[in-house]
Amino acid sequence: MTQSFRLESGGLINRDKKISFKFNGKNYFGYEGDTLASALIANGVHLIGRSFKYHRPRGFFGAGVDEPYAIVQLYRNGETEPNIKATEQELFEGLEAKSVNCWPSVNFDVGAINNFLKIFLPAGFYYKTFMWPKSFWYKIYEPFIRRAAGLGTASIKHDKERYEHKYEYCDLLITGSGPSGLASAYSAAKNGAKVILAEDKSRFGGTLLTSEVNIGNQSGKEWADSIISELKEMPNVTVKNRSQVFGYYDHNMLVMSERISDHLPKTKKFHPKQRLWYIRAKEVLISSGSIERPIVFGNNDTPGVMLSSAAKEYLKVYGVLVGKKPLVFTNNDSGYETAIEFKKNGIDPIILDTRKEPKSEIIEEAQNMNINIKNSYVVVAAQGYKKVKSADVAKISDNKEELGSIENIECDCICVSGFWTPTIHLASQSGNKTKFNEDIDAFVPSISKQNEKTLGAANGIYTLEETLKDSFEKGNLLSKKITNNENKVSFPNVVEKKSTVHDKFWCVPLPKGKSYKRFLDFQNDVAVSDIEIALKEGYRSIEHVKRYTTLGMATDQGKTSNLNGLQLVSKIENKVVPAVGHTTFRPPYSPVSIGAIVGREIGKHSKPTRKSPIHSWHEKNNAVFVDAGVWLRPRYYKRGEENLFEASKREAKNVRTNVGVCDVTTLGKIDIKGPDAAELLNRVYTNAWLKLPVGKARYGVMLREDGIVMDDGTTTRISENHYHMTTTTAQAANVLSHLEYYLQLVWPELNVNVVSTTEQWAGAAIAGPKSRELLKKLFPKSDVTNEGLPFMGYMEGDLFGVKAKIFRISFSGELAYEVNVESDNGYFMWEKIIEAGEEFGIQPYGTEALSTLRIEMGHVAGSELDGRTIPYDNSLEGLLSKKKDFIGKRSLSRKAFAAEDRQKIVGVVPLDKKTSIPEGSHLVKDSNAPLPNPKLGYISASCWSVEYDNPFSLAILKDGKNMIGEKLFVMSPLKNKVIPVEIVSSHYVDPKGERVRS
Amino acid sequence: MLHIKCPHCGLRSQNEFSYGGDATVKRPELGKEISDKDWDNFVYNRKSLRGKHWELWQHLSGCRQWIKVQRDTATHEIFKTLKANEEIS
Ligand SMILES: [Zn+2]
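Residue numbers (the working numbering), protein chains in the order written: chain A, 17 to 1014; chain B, 754 to 842.
Here it is, written out as structure tokens:
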């Protein structure tokens, strides 16, 4: 196969290395150093997709990040990725890509019928056409839009690639390695500053790769290469290619995505696919250059119409001709540079210049090369459907309003230059107040909010000499400020051709009787007529016009369309462009993979997993685990074919009849020390704490200032000024912050220290009527009788040589103890408990049995203390001290909290004693009442009572105090269940609490 | 992401801190009578200012100290940070 559009020589590609690839199922080859776009053009492929709305044929418009058309679906190493720009994707062996937006194929597209129906798809067509009737939306409109529109298909498979995040600090971050980036990086690096130089493309040098200039007796590219290799050798400099700084956030935090493996057939072992850099820079130098903007004319979206700078880049970097009969349509000197490159390679271009008699060195060179130049000429419309075949051109009057007679010129591409738009995205994101520069018809950065400066073309400076001078100086000044070191570099001699002023002309008028579509936004198919309609319909703010027409809202974020859109609005509205203003630039500058944003925080890595020191024992004994906050806890221990229900019932039953042991290591533990520790507890908890004796534990409830229960737990007085507080697993971190808040800010006079000791202690709850017998075996030297260690008592003990803390506290409602040992001894303790407990029929129990035990006892937990309930609601009002003030007390006297028919916790039993009650169900009086059926309460927790062998639930019920004995209905619309129930006391088992004291 | 100068640890990124609301709110003294209105003002009513604002942050993943930060709520500019025991002037 021949590459009919590839030059015999030239370009920066490696012609020794052929690379084969596939596009839409056909095999092609290119060279190492090609992009998918350059390789396709070299092979004569000019049709790459269909447009978003009208499905018009799409070719290539740019050669890089500004590309609005050439978006493909990429296949690599068994994976697929949507929304890839062919102009950015580097070619690799075995690359496969397909067109998007085409159904059934790029050459025959059903959606293209939209093109002929376009009268029905004007501005705001989504809003208008698909608004009504509402019932059509899900079944008809949405599937239609989804099928017809879109930029590819996301894979639904798990992404096996690895993405990393990296945090970095630097003195200067420089975004772009064109002349301004290189010069500023070089002078800053020489002053010893820590510099990061980021280049989006694979090659460093920016415009120096394509411009005919001379710096210090070297070509632009040679100079760029020498600077880069010198920078790479410097220890204080990080130079990164394929790295795009896409977001500028607060306090000079910038985010950059580095594409490490996207240019390879397969990610190397132990390498990430992409890396996201969070960079905190003292100073930022924005050297992002500028993007050529199009001139608007009829059918200007036809494949073959492209930016003149792109045509030059394909020629000079890739040795590729975008056409063999080029027409260059320009309002400035840049078009001439492209024409000269064509001519040098034996191709005869025609230049149409909108200017009448421009004169400059560049123009003179073109004239000397005998290039055909037509002044005061415009392209009226491109002709051809899937590729430009010719152009209708005409002379234009001096006032740029009247067209002369139409002539037709045969051509196979139209290279357009409407002058240059500085890339101000990052500056704008940083909060820079931009200003409109009349000389270049574009916005440039003006007043900085953060530490940033914009250099070179991004700042509207278009001569190389001025750019280099300014950049060397800024790099020097800013780095000197940071390093106090100056190593001035001598300014190189610069040779460049002088250009003359551009013509402000940007839109070709329609010839009489013609209604060509003249596109502004090429990716979203927004034409001049759409903007006109939006304005006619009363949209004024540019932000509204943007949203209504979708101008600049595509994935290219209007890189080539924004300014022409503004020009149009300002012309129709008879305002100047700065008065219209530009829309807000937001990150990302260019699309970023979701994978890169997520990084390594996926699956099990999304949060740390905490395991108790006894975890491996649980694993060995068939524990099925459940996430409890960041902890993994055994939910139940599976025996044989048991399911969750059967196992948890067995475990709970064994606690009620024999003895069970539960790993309670995860409970939050806070060590509290100091002479004012009792006073702190007295203020934080609702009950009295000043008189708790040493060696005793007490149950406490703490509130938020708004009266809502925050947490509960037991706190034990270990010694005179030392307390051991426990919190629920979920609230451990919040309770510590809460205590620190009051100690540091509200009552700094209290002499108390708090510290989390959750990880320091492993805990085992030993519960059941035989637990005391077991304890005796474990601590033969200690007096653990009811007298020696009464309910809520505490003692220290010796567990076969290991120091242990023994608390007589109970969550299960049975006679129970909690034993704590230092974490390293946790496994030892557990094994000893199991071993010694064997003769008493001990079984380990998990969180499910734990729940069952506490629910049927009416002990509240997280599902009742859910941030919406006060102590009364949980029947904890007996713990509210009347004698002292405490956090949140004042709120409890608010009217709603003191209401007579206030909600309260109750027990719920199904009348049939069989049907399980779904958690979260509603309680209602009448199951047949018309909707909305008044809700009296909700089920907070459900279990199968092992004591009575029937379902039992806890509920928070309106006027719960007076509802005992009532018959109500539980309704679960989610599970489609209606269950008749009876309301009973929440203390279903052992209401007097005799067992814990036995 | 904000860059906050902890008076104890120095400049650190925002993700080490947690936000704690208006730093100028004073908790009423314990045990003192207080009207419903004054209590509501303490618990609920906040000004939600645009502009300079003294607020509390806790250096959660650092020294665990609560600090006072003067920040512009519109521009995120941070003017000053104080230790918990330093008075706002
Ligand atoms: Zn700190």
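For every residue, glycine included, the Cβ atom is placed at its ideal position computed from N, Cα and C.
Check whether the Cβ atoms of Leu536/A and Val395/A sit closer than 8 Å, and answer yes or no. no
Could you pull out every residue in the same chain whose Cβ sits closer than 7 Å to the Cβ of Glu11/A, ignoring the five residues on either side in sequence? The requested residue 11/A does not occur in the structure, where chain A is confined to residues 17 to 1014.
What first and last residue would you give for the beta strand (DSSP E) that runs through Pro967/A? Asn966 to Leu973
Would you kindly check if the distance between the Cβ of Ile871/A and the Cβ of Leu970/A is under 8 Å? yes
Interface partners of Arg817/B on chain A, CB under 7 Å: Glu756
Relative to the C-alpha of Ser897/A, which residue among Val524/A, Lys905/A and Ser557/A is closest? Lys905/A
Tell me the rounded alpha-carbon separation between Leu225/A and Ser306/A. 15 Å
beta-carbon Gln767/B near ligand 1 non-hydrogen atom, thresh 7 Å: no
Members of the region 245 to 279 of chain A that neighbour chain B once the beta carbon cut-off is set at 7 Å: Tyr265, Asp266, His267 and Met269
Helix, strand or coil for Ser444/A, going by three-state DSSP, please let me know. helix
Identified DSSP bridge partners for Ser410/A: In the sequence as presented, Ser is not what sits at residue 410/A; that position holds Ala. Partner(s): Val394/A.
Figure out for me which residue from Phe968/A, Leu952/A, Asn944/A and Glu963/A has the closest Cα to the Cα of Asp928/A. Phe968/A
Taking C-alpha atoms, which residue in Asp814/A, Phe661/A, Glu982/A and Met741/A lies nearest to Val962/A? Phe661/A
Is Ile135/A helix, strand or coil when you go by DSSP? With a pLDDT of only 49 at Ile135/A, under 50, the local geometry of the prediction cannot be trusted, and the value read off the model is given with reservation. Helix at Ile135/A.
Spatial neighbours of Arg720/A in its chain, beta-carbon cut-off 6 Å, leaving aside the 5 residues before and after: Met726 and Gly904
Ile135/A versus Gln260/A: straight-line alpha-carbon distance, rounded: For Ile135/A, the predicted structure reports a pLDDT of 49, less than 50, and the residue's modelled location is therefore unreliable. The matter cannot be settled from this model.
What does the Cβ neighbour count give for Ser200/A, buried or exposed, with the cut at 16 atoms within 10 Å? buried
Is the Cβ-Cβ distance between Leu301/A and Gly529/A less than 8 Å? no
Using a Cβ-Cβ cut-off of 8 Å, state whether Arg780/B counts as contacting chain A. yes
Nearest-angstrom Cα separation, counted from Asp687/A out to Phe844/A: 24 Å
Select from the region 896 to 916 of chain A all residues with a C-beta closer than 7 Å to any C-beta belonging to chain B, and list them in chain order. Asp901, Arg906 and Ser907
Short Cβ contact (8 Å threshold) for Leu835/B with Trp819/B: no
Quick one: residues in its chain with C-beta nearer than 8 Å to the C-beta of Leu802/B, no 5 flanking neighbours on either side, listed in chain order? Thr826
Going along the chain, which residues put their C-beta within less than 6 Å of some heavy atom in ligand 1? Cys759/B, His761/B, Cys762/B, His812/B, Gly815/B, Cys816/B and Gln818/B
Please return the same chain residues whose Cβ sits closer than 6 Å to the Cβ of Lys485/A, not counting the five positions on each side in sequence. none
May I have the straight-line CA-CA distance separating Gly400/A from Gly320/A, to the nearest angstrom? 10 Å
Strictly below 8 Å CB to CB, what residues from chain A border Thr828/B? Gly447 and Lys465
Can you give me, in chain order, the residues of the region 763 to 778 of chain A that have a beta carbon less than 8 Å from any beta carbon in chain B? Pro764
Touch test, the region 733 to 745 of chain A against the region 911 to 924 of chain A, Cβ-Cβ under 8 Å, three pairs minimum: no
Taking the beta strand (DSSP E) that Arg699/A falls in, what are its first and last residues? Note, Arg699/A: premise wrong, no beta strand (DSSP E); alpha helix (DSSP H) at Ala693 to Val700.
Establish whether the CB of Ile135/A and some CB of chain B are separated by less than 8 Å. Residue confidence is low: Ile135/A scores 49 on pLDDT, short of 50, so the model does not pin down where it sits. No coordinate-derived value is stated.
Quick test of your reading: Tyr984/A and Val671/A, contact by CB under 8 Å. State the CB separation rounded to the nearest angstrom. Looking at the sequence provided, one finds Leu at residue 984/A rather than Tyr. The Cβ separation is near 31 Å, so there is no contact.
Can you grab the Cα-Cα spacing for the pair Phe262/A / Lys256/A, in whole Å? 14 Å
For Glu184/A, the three-state DSSP class (helix, strand or coil): strand
Against chain B: residues of the region 688 to 705 of chain A by CB proximity under 9 Å: Arg699
Taking the alpha carbon of Glu667/A as the point to measure from, which residue in Gly690/A, Gln776/A, Asp722/A and Gly784/A has its own alpha carbon closest? Gly784/A
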